[in-house]
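Heads up: the sequence lines are chains A and B, in that order. Numbering follows our numbering, in which position 168 of the first sequence is assigned residue number 172; successive positions increment by one, without gaps. Numbering follows our numbering, in which position 82 of the second sequence is assigned residue number 1237; successive positions increment by one, without gaps. Just so it is clear, CB atoms sit at the ideal spot from N, CA and C, and this is done for glycine as well. Structure first, then comments.
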Amino acid sequence: MNFEIEPLGDSVVLLRFGEEISRSTNELVQRAAYELEANPFKGMKELIPAFSTLAVEYSPVEMGGEFPYETAESCIRDILQKVENLHNSNSKIVKIPVCYEAPHALDIEELGAYTGLTVEEVISLHTTTDYYVYFLGFAPGFPFLGGMPEQIAMPRKSSPREKIPAGSVGIAGRQTGVYPIETPGGWQIIGRTPKTFFSPDSENPVLVSPGDTVQFYQISIDEYNGWERGGEL
Amino acid sequence: MSILVKKGGMLTSVQDLGRQGFQRYGVIVSGVMDSFSAKMANILLNNDEKEAVLEMTVLGPQLTFQTSAVVCITGGDLHPVLEGKPLEMWKPVYVPEGSELSFKGLRKGCRAYLAVKGGFKIKEQMNSRSTYLRAGFGGYKGRKLENGDVLEFRDQTAEDIGAANWGMMPLSHQLPDKHALIRYIKGPQYSWFTDNSQAVFQEEEYTVLPNSDRMGYRLSGEMLIKKEEKELITEPAAMGTIQVPPDGQPIILMADRQTTGGYPKIGQVITADLPLVAQLPPHTKIKFEEITIREAQRLLIEEGSFLKQVKTAAAMKWRELQR
């Protein structure tokens, strides 16, 4: 497995698998995270995967020795050296129901006007795509999704809304995503899902994980209102 | 076993050493800003250092003890007063039932920590008692403390030990006044900046802005400029990361930082200096000094041994007290 390794301060090492946003690079990130989690070295704390990089936090105090950074680096190289083939991970397909109607689809008509598409065409493009989950960040359970069709891309709002309700589905540039918690934000909101993306008290607190595939499908406002809610924030 | 919050103060929240292990879910670490002071408050009470504490910011709360307790206050000096008399920081102090603890105003530093013997009775969420303010969970009802809140602490017979005749040197007095030297290691994108900006970063002073918070310390000073216009692909960040947004003004990421970020990182504050950063009030002038990672780790290990020594000594003192 090829990667560069460098310190991010005195308690984190950063592994760099490439310089671009691509699924094949991201699969290396996830493969490395999987291996390190299965074979943690002494003093290893936690892993933060991103698009093409993986952070490994460790405790120099727990590791001790002459120079903990050197030890961490060689432990990581040892663990990842043997890794070659991509494993069949336990990634899954997650189907997300989305209501693309009022009062939830705040910006869908504006997005239609901007892109020159009808609302139906926007929905159709949004729902017929497989989205790859690169990693979770920005907010708890928030997936960075890849693969959105360029035809429905639109820049963020020039001034962000103060409150966007949890479950809102938005578009920002060439990204689409779901707000797991209520937060301020500048995304163009095209709908809302009744699914809970983040539940801190559940054994599995997040709905989607890195490496998963997300598919959106359309539900009506009545279906949305009748949806049985999980533990919501 | 409870404390009534008569006034919440500016920003008082329940924190521990942070919510570790969930950053991969986008769950931020939270936790105390000044981990050294928070650990010390617990250690001096012979608590586990991971127990929750109250983090009190600039203007402290007003607390009424509905039960007697033994407490320890560390960190910045917010001028704690127990029933009108100055309360000694950095040592265990007995607080009789019905008495009132208040804070008269900031004298040194920025944040104080209050630990109670036996620990606060706060439910863990995702393995931590830290308040995740933005997501509204963890700590006390997922929010900062407000007037009328009641904090329970664990059953512990508080003995009237008065103010203990032992404790730490009052470290609050050693906090810098208007100028601070902060040590750093080069960040992954250090070389993205012009030679001039690299020199400026090492030589010029940066001022802490008033809108600094638990998420980050915003600094103002000479603009840091990239050699060429290029965008960083969002990558992980850590506490102490010094990132530079397009306006060229650095931000030091702190306890409530996001797990990942898209701004280039010129440097990383060494872990041993983070408690100091956490105690810098607005308008302090910072000068950055580069050191090697080897030196930074040596300092961190040294701090670890020091905490261990204090732990042993405090445990011994408590055995004597409770004999």
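Among the CB atoms of chain B, none fall inside 8 angstroms of the CB of Ala157/A. At least 8 angstroms separates the CB of Ser172/A from every CB of chain B. A residue is called buried once 16 or more other Cβ atoms fall within 10 Å of its Cβ, and Gln1357/B, having fewer, is exposed.
Contact annotation: Phe1220/B and Ser1192/B have beta-carbon atoms that are not nearer than 8 angstroms.
Per DSSP, reduced to three states, the secondary structure at Lys1440/B is strand. For chain B, the residues of the segment 174-206 of chain A that bring a beta carbon within less than 9 angstroms of one of its beta carbons are Pro184, Ile185, Glu186, Thr187, Phe202, Pro204, Asp205, in chain order.
Of all alpha-carbon atoms in Thr132/A, Glu113/A, Thr131/A, His130/A, the one lying nearest the alpha-carbon of Val123/A is that of Glu113/A.
Chain A has no Cβ within less than 8 angstroms of the Cβ of Tyr1345/B. Check the Cα spacing between Leu1214/B and each of Lys1205/B, Ser1367/B, Gly1163/B: the tightest is with Gly1163/B.
Among the residues facing chain B, Pro101/A is not included, as its CB has no counterpart in that chain under 8 angstroms away.
Listed as beta-bridge partners of Ala1267/B by DSSP are Met1211/B, Gly1230/B. With respect to chain B, the C-beta atom of Pro169/A has no partner C-beta closer than 8 angstroms.
At the C-beta level, Ile193/A and Asp111/A come within 8 angstroms of one another.
Taking 7 angstroms as the upper bound on Cβ-Cβ separation, chain A lies near residues Ile1448, Arg1449, Ala1451, Gln1452, Leu1455, Ile1456, Gly1459 of the segment 1433-1460 of chain B.
Within the segment 21-52 of chain A, contact with chain B at the beta-carbon level (separation under 8 angstroms) is assigned to Glu23, Glu24, Ile25, Ala37, Lys49, Glu50, Leu51, Ile52. Annotation for Pro144/A: Pro184, Ile185, Phe202 place their beta carbon closer than 7 angstroms to its own, counting only its chain and skipping 5 residues before and after.
Interface flag for Phe1191/B against chain A is unset, since no Cβ pair is found closer than 8 angstroms. For a Cβ distance threshold of 7 angstroms, residue set Tyr1180 of chain B lies close to Val210/A, ordered along the chain.
At least one beta carbon of chain A lies nearer than 8 angstroms to the beta carbon of Ala1393/B.
In the DSSP assignment, Ala1335/B falls within the beta strand (DSSP E) that extends over 1334-1341. Short of 6 angstroms from the beta carbon of Glu1301/B, and not among the five residues preceding or following it, lie these beta carbons of its own chain, in chain order: Gly1163. Annotation for Ser1223/B: Tyr1249, Val1250, Pro1251, Glu1252, Ala1313, Asp1315 place their beta carbon closer than 8 angstroms to its own, counting only its chain and skipping 5 residues before and after. For a Cβ distance threshold of 7 angstroms, residue set Ile1340, Ile1425, Thr1426, Ile1448, Ala1451, Gln1452, Leu1455 of chain B lies close to Asp14/A, ordered along the chain. Counting along the chain, Val1248/B sits inside no alpha helix (DSSP H); it lies in the beta strand (DSSP E) bounded by residues 1248-1250. Distance from the CA of Gln85/A to the CA of Gly150/A, rounded to the nearest whole angstrom, comes to 28 angstroms.
When the Cα atoms are used, Lys1463/B and Arg165/A turn out to be separated by approximately 48 angstroms. When DSSP reads this structure, Cys103/A sits in a beta bridge with Arg196/A, Ile223/A. The beta carbons of Thr57/A and Leu32/A sit no closer together than 8 angstroms. With distances taken between CA atoms, Pro1216/B lies nearest to Leu1237/B out of Ile1198/B, Leu1200/B, Gln1404/B, Leu1237/B. Sequence-distant partners of Trp1321/B (beyond 5 residues in either direction) whose C-beta falls short of 6 angstroms from its own C-beta, in its chain, are Lys1472. Assignment of Glu74/A by DSSP, reduced to helix, strand and coil, places it in the helix class.
With respect to chain A, the C-beta atom of Gln1464/B has no partner C-beta closer than 8 angstroms. Per DSSP, reduced to three states, the secondary structure at Glu1458/B is helical. Just measuring C-alpha positions, the residue of Phe139/A, Pro188/A, Ser26/A, Thr180/A sitting nearest Thr1415/B is Phe139/A.
Within the segment 164-190 of chain A, complete beta strand (DSSP E) segments of at least 3 residues are found at 165-168, 172-176, 179-182, 187-189, given in chain order.
Look at Ile1397/B here: in three-state DSSP terms it is strand.
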